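A.B. asks: The structure that follows is given in the form of structure tokens.
2 protein chains.
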Amino acid sequence: MNIAVLGVATTKFGELWDTSPRVLVREAVNGALADAQVALEDIDAIYVGNMLSGMLGNQENLGAFYAEELGITAASTKVEGACASGGLAVHQGVLGILSGLYRRVLVIGVEKMTDHKPEHVASALMGAGSDGERIAGLTFPGLYALMAHACMQKYAITESDMAAVAVKNHYHASLNTYAHFSGGAGSRSAGQMTIEHVMQSPYVADPLKLLDCSPISDGAAAVILGEAAKTTRKSTVHIVGSSVATDTLDLADRSGITSISATVRAAQGAYKQAKLAARDIDVAEAHDCFTIAELMALVDLGFSDGMKKAAQQVGQGAFTLNSSKKLVVNPSGGLKACGHPVGATGVKQIVEITQQLRGEAGKRQAANAHIGLTHNVGGSGAVAVVHLLRS
Amino acid sequence: MNIAVLGVATTKFGELWDTSPRVLVREAVNGALADAQVALEDIDAIYVGNMLSGMLGNQENLGAFYAEELGITAASTKVEGACASGGLAVHQGVLGILSGLYRRVLVIGVEKMTDHKPEHVASALMGAGSDGERIAGLTFPGLYALMAHACMQKYAITESDMAAVAVKNHYHASLNTYAHFSGGAGSRSAGQMTIEHVMQSPYVADPLKLLDCSPISDGAAAVILGEAAKTTRKSTVHIVGSSVATDTLDLADRSGITSISATVRAAQGAYKQAKLAARDIDVAEAHDCFTIAELMALVDLGFSDGMKKAAQQVGQGAFTLNSSKKLVVNPSGGLKACGHPVGATGVKQIVEITQQLRGEAGKRQAANAHIGLTHNVGGSGAVAVVHLLRS
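Residue numbers (this note's numbering), protein chains in the order written: chain U, 93 to 483; chain E, 93 to 483.
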């Protein structure tokens with residue numbers, strides 16, 4: 093597999109009260125087109141990753157909606173898989189190019205979440221869970237809290253171990269002007285976040301505290317994919333692996349909840365396609381919707397040999413920009429601190445890794461980054477998408 | 093393009109009060125697997141066409157939902173494009189096979205609409221329209237009524253001309269045991285429907301009357317696609333064209349409303365891919381959500397030379413089973429009389445045409461059917477999907 097990433101762009105993520113999904117998508121798409129030096133008329137197909145437009149906005153038919161907004165009549169399809177909607181949309185774009193039917197595919201990820209009451213958003217997000225979980229009154233912090241407790245019992249990790257993930261990712265976000273918690277005016281000065289800040293924040297769902305949780309964000313991201321042979325840019329980044337796996341929606345139906353098996357299988361699939369291994373990865377965007385989720389991902393993606401080891405490594409500053417260990421995880425700030433506009437996340441991950449592999453990531457640039465990975469999860473692990481990229 | 097349709101099946105369409113979407117999907121998938129003589133474990137990817145599960149059932153993440161229900165962990169993705177969700181899911185399945193990444197793809201279309209209050213369903217369906225149309229209080233019968241009035245003015249067609257479409261399609265449905273209006277116990281004896289029945293039915297949105305409108309239905313359909321070379325069945329039907337086009341969501345933003353330009357462009361795309369023309373088609377399933385929609389489709393797909401001619405042809409019994417004209421349109425009964433469980437429709441069209449081209453359509457078999465077409469529309473024409481099949 094060798095799909096050229098021709099252009100990428102993201103809007104700022106955050107609580108963007110003064111804008112609309114239409115405006116966000118236009119900004120991201122115009123940025124990606126300019127980056128790719130491709131005209132809108134040259135786009136053969138569009139995939140839109142989005143979860144909540146129907147439940148929160150009464151708007152479906154979102155493929156046609158954004159094709160119209162952009163002013164073209166190309167094939168356009170909405171792809172939905174909860175918080176993995178963006179990653180799944182990228183996967184469909186990859187298939188579109190591989191099929192030979194489309195030469196250039198525009199992948200859009202978008203979510204506008206702050207226009208709605210938080211309790212409505214929390215309820216709509218449970219659309220990613222099972223009937224039983226909804227009836228039991230579970231929310232996503234609750235589901236990941238169950239996983240966190242199981243991990244704490246099985247691997248003797250602590251709340252402080254989890255807090256260290258938040259500290260790392262908020263530090264990265266402080267270097268990212270597009271991040272929800274970029275450290276700019278009006279937001280918590282993310283660069284100064286400490287373990288104590290996280291430990292002193294209020295519980296949302298024991299053992300997860302406010303600062304263990306990713307925020308409710310608005311944002312959009314766009315990626316333009318094409319055939320490898322058709323790119324003229326010397327430093328073009330290519331997608332060399334794209335794999336999807338599923339698992340049960342309900343946590344209770346799984347053989348274990350201290351690992352996300354869909355992640356394990358999606359990663360194995362992508363590594364095999366690309367003839368790469370976890371040790372080859374220089375930079376990764378992992379699905380850290382909660383701090384515990386990143387610890388699980390470090391193991392499931394093959395980056396750490398066991399969760400206790402993963403926690404020790406994070407605590408010692410590994411996976412952080414400018415650490416001695418080569419692999420940087422979530423240089424954007426991740427879902428945790430760059431923000432998590434659900435459908436946009438999986439597309440933004442491709443944007444971030446592409447910028448990293450091009451050496452265009454500015455203050456948050458990972459050193460010597462040539463091979464990258466993105467990891468996007470839907471629900472509490474019912475679907476996982478892993479992409480591998482190289483420059 | 094040469095994609096083998098390895099297996100097909102559909103549930104009965106109708107007001108299926110005593111069953112659930114899970115049961116419907118299992119039935120359709122088990123039927124398609126048996127038809128294909130393929131084991132569930134051999135499925136590499138699933139696409140689920142569905143529009144309303146989020147808005148009406150609070151359930152998203154539907155790809156993983158049905159993978160779990162079937163008991164497999166393959167890649168699985170929900171595809172949404174309003175009433176074209178099923179056709180778009182088939183298109184993604186085609187791309188999946190063409191990409192070389194998947195050897196066998198299961199495409200599921202499903203909708204359970206009768207479990208909800210009709211006014212909620214009507215409101216949710218307007219998720220396929222524009223903000224402006226929703227604010228104006230328009231419903232889908234209203235949108236198609238605007239198109240019908242425009243067609244009546246421009247082409248001098250009459251309400252009686254539209255009624256003839258209903259008579260044809262209810263006659264076909266009377267021969268189809270899977271149809272919503274199959275003529276069986278408890279449903280209007282469809283075989284006996286006359287122009288007078290349609291004309292005497294109450295107006296829903298002038299000039300469209302109750303019997304000009306497709307029903308609110310439940311149902312599921314499933315199709316298994318694979319590489320052409322891998323099929324062992326002698327009479328295997330192949331998809332030889334698959335094309336998608338979009339237009340504005342809002343009728344008011346189009347240059348005209350007496351033709352659906354997305355249909356015209358999708359058909360041109362598919363004909364070009366398959367090196368076929370409208371005159372080659374022996375049997376077609378067209379998107380007749382309202383009777384006027386079939387008259388528009390007959391022209392837009394190239395079957396009739398103008399709408400007045402189309403109306404005359406239908407009135408003279410053309411496009412009907414066993415007529416002297418070779419082309420049969422909507423042998424299943426179409427959306428109008430076979431029923432319209434939104435996400436299932438585009439998949440069921442592939443099931444019907446495959447059975448026709450295999451010569452397995454029983455009482456509703458079109459004579460000498462070798463080349464077939466399916467036509468699936470989302471919203472009032474914001475997206476259209478055309479597939480071409482041959483035996």
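A virtual CB, placed ideally from N, CA and C, is assigned to each residue, including glycine. As the structure is a computational prediction, the values presented were derived from the model and not from experiment.
Interface residues of chain C around V475(U) at Cβ under 9 Å?
C.D. replies: Of the protein chains in the structure, U and E, none is chain C.
A.B. asks: Verify whether the separation of the beta carbon atoms of V475(E) and G173(E) is less than 7 Å.
C.D. replies: The answer is yes: Cβ separation under 7 Å.
A.B. asks: If you measure between the beta carbons of L180(U) and V477(U), is that distance less than 7 Å?
C.D. replies: Cβ distance < 7 Å, so L180(U) and V477(U) count as in contact.
A.B. asks: If we define contact as Cβ-Cβ less than 7 Å, is G106(E) a contact residue for chain U?
C.D. replies: For G106(E), the answer is no, since every Cβ of chain U falls outside 7 Å of its Cβ.
A.B. asks: Evaluate the contact criterion for the stretch 290 to 307 of chain U versus the stretch 186 to 193 of chain U: three or more CB pairs, one atom per stretch, below 8 Å.
C.D. replies: Result no; under three Cβ-Cβ pairs closer than 8 Å.
A.B. asks: Taking all protein chains shown into account, do 16 or more other C-beta atoms lie within 10 angstroms of the C-beta of D127(U), making it buried, or fewer, making it exposed?
C.D. replies: Buried is the call here.
A.B. asks: T206(E) CB to nearest chain U CB: under 7 Å?
C.D. replies: Taking Cβ atoms only, chain U never reaches closer than 7 Å to T206(E), which makes this a no.
A.B. asks: What are the complete alpha helix (DSSP H) segments, minimum 4 residues, inside the stretch 115 to 201 of chain E?
C.D. replies: Whole alpha helix (DSSP H) segments, 4+ residues: 145 to 149, 154 to 162 and 177 to 191.
A.B. asks: Once you ignore the five residues that flank G426(E) on each side, which residues in its own chain have a CB closer than 6 Å to its CB?
C.D. replies: N261 and D380.
A.B. asks: Excluding sequence positions up to five away, which residues of its chain have a Cβ less than 8 Å from the Cβ of A277(U)?
C.D. replies: Note that A277(U) has pLDDT 45, beneath the 50 cutoff, so the model's placement of it is unreliable and the number below is only indicative. None.
A.B. asks: Between the Cα of L317(U) and those of S252(U), N153(U), P113(U) and H183(U), spot the shortest distance and give me the residue it belongs to.
C.D. replies: Selected option, being the one with the closest Cα: H183(U).
A.B. asks: Just to confirm before moving on: does the CB-CB distance between L144(E) and A216(E) stay below 7 Å?
C.D. replies: Yes, Cβ-Cβ distance for L144(E) and A216(E) is below 7 Å.
A.B. asks: In whole angstroms, give me the CA-to-CA distance for T383(U) and G471(U).
C.D. replies: Approximately 15 Å, taken between the alpha carbons.
A.B. asks: In chain U, which residues lie less than 7 Å from L187(E) when you measure between Cβ atoms?
C.D. replies: L187, G188, S191 and L193, listed in chain order.
A.B. asks: Taking the Cβ atom as the reference point for each residue, do V332(E) and M93(E) lie within a distance shorter than 7 Å?
C.D. replies: Yes, Cβ-Cβ distance for V332(E) and M93(E) is below 7 Å.
A.B. asks: Taking 7 Å as the limit between beta carbons, can you name the residues of its chain near A362(U), skipping five residues before and five after?
C.D. replies: These residues qualify, in order along the chain: G333, S334, S335, V478, H479 and L480.
A.B. asks: Let me know the secondary structure DSSP gives S252(E) once reduced to three states.
C.D. replies: The answer is helix: DSSP assigns S252(E) an H, G or I state.
A.B. asks: Can you name the residues of chain U whose CB is closer than 8 Å to the CB of Q184(E)?
C.D. replies: Here the neighbours are T169, Q184 and L187.
A.B. asks: Just reading off the alpha helix (DSSP H) that E386(E) is part of, what are its end residues?
C.D. replies: It spans T383 to D392 - the alpha helix (DSSP H) in which E386(E) sits, taken as one unbroken run.
A.B. asks: Which residue marks the beginning of the alpha helix (DSSP H) containing G450(E), and which one marks its end?
C.D. replies: Position check: residue 450(E) holds Arg in this sequence, whereas Gly was assumed. Element bounds for R450(E): V434 to R450.
A.B. asks: In the DSSP output, what is H467(U) paired with across the bridge?
C.D. replies: H467(U) pairs with V478(U).
A.B. asks: Is the stretch 131 to 138 of chain U touching the stretch 347 to 366 of chain U in the sense that three or more CB pairs, one from each, lie closer than 8 Å?
C.D. replies: Touching, no.
A.B. asks: Return the CA-CA distance between K104(E) and L303(E), expressed in angstroms with no decimal places.
C.D. replies: Taking the straight line from one Cα to the other gives about 20 Å.
A.B. asks: Along chain E, which residues have their Cβ under 8 Å away from the Cβ of N150(U)?
C.D. replies: Those are M147, S215, A216, M218, G219 and R226, listed as they occur along chain E.
A.B. asks: How would you write the range of the alpha helix (DSSP H) that Y363(U) sits in, first residue to last?
C.D. replies: That run of the alpha helix (DSSP H) goes S353 to A366.
A.B. asks: To the nearest angstrom, report how far apart E203(U) and P433(U) are at their CA atoms.
C.D. replies: Spanning the two alpha carbons is a distance of roughly 5 Å.
A.B. asks: What residues in the stretch 317 to 342 of chain U have a beta carbon less than 9 Å from any beta carbon of chain E?
C.D. replies: Answer set for the stretch 317 to 342 of chain U: S334, S335, V336, A337, T338, D339, T340, L341 and D342.
A.B. asks: How about G173(E): is its C-beta nearer than 7 Å to some C-beta of chain U?
C.D. replies: Yes, contact with chain U.
A.B. asks: Per DSSP, which residues does S335(U) bridge with? Please list them.
C.D. replies: Its beta-bridge partners are V478(U).
A.B. asks: Tell me which same chain residues have a C-beta within less than 8 Å of the C-beta of A282(U), skipping the five on either side of it?
C.D. replies: Below a pLDDT of 50, predicted positions are generally treated as unreliable, and A282(U), at 45, falls in that range; no measurement from the model is reported.
A.B. asks: Could you give the residue range of the beta strand (DSSP E) that holds E225(U)?
C.D. replies: Where E225(U) is concerned, there is no enclosing beta strand (DSSP E), although the alpha helix (DSSP H) it sits in stretches over D223 to I227.
A.B. asks: Counting only the same chain and skipping the five closest in sequence on each side, list residues whose C-beta sits under 6 Å from that of G473(E).
C.D. replies: Cβ within range, chain order: D339, I352 and A354.
A.B. asks: Measuring CB to CB, does T206(U) end up less than 7 Å from V329(U)?
C.D. replies: Cβ atoms of T206(U) and V329(U): not closer than 7 Å.
A.B. asks: State the DSSP-derived secondary structure class of S279(U), mapped to helix, strand or coil.
C.D. replies: Reliability fails at S279(U), whose pLDDT of 49 lies under 50, so the model's placement of it is uncertain and no value is given.
A.B. asks: Chain U partners of G471(E), CB-CB under 8 Å?
C.D. replies: Going along chain U in sequence order, the residues near G471(E) (Cβ under 8 Å) are N153 and A156.
A.B. asks: With a cut-off of 7 Å, does the C-beta of M143(U) fall near any C-beta of chain E?
C.D. replies: Yes, its Cβ sits closer than 7 Å to a Cβ of chain E.
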